[in-house]
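> Let me begin by handing over the structure; questions about it come next.
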């Protein structure tokens, strides 16, 4: 069962090149899809929604 996703994006923070990493684990506190393809889809949708806003919040460009 796929339970983790790792995303690494390059960004410029305060004029310096950096890498922003996010590790996500599907936990037990909320329902998790049973099908592996559905796990992957849920993780991908979360990462694609979270990372851009997190980069913006952190001041990465």
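In the numbering used here, the protein residues as written are 4 to 64. For every residue, glycine included, the Cβ atom is placed at its ideal position computed from N, Cα and C. Computed from a prediction, not measured in an experiment: that's the story for all the values here.
1. At which residues does the alpha helix (DSSP H) containing residue 46 begin and terminate?
2. Check the C-beta distance from residue 24 over to residue 39 and give it rounded, since I have them as a contact under 8 Å.
3. Expressed to the nearest angstrom, what Euclidean distance is found between the alpha-carbon atoms of residue 37 and residue 17?
4. Could you check the C-alpha separation between residue 26 and residue 7 for me, to the nearest Å?
5. Could you compute how far the alpha carbon of residue 51 sits from the alpha carbon of residue 33?
With the given structure in hand:
1. Annotation: the continuous alpha helix (DSSP H) that includes residue 46 extends over 39-60.
2. Residue 24 to residue 39, Cβ: 24 Å. No contact.
3. For the pair residue 37 and residue 17, the Cα-to-Cα distance works out to about 42 Å.
4. C-alpha separation (whole angstroms): 7 Å.
5. In a straight line, the C-alpha of residue 51 is about 19 Å away from that of residue 33.
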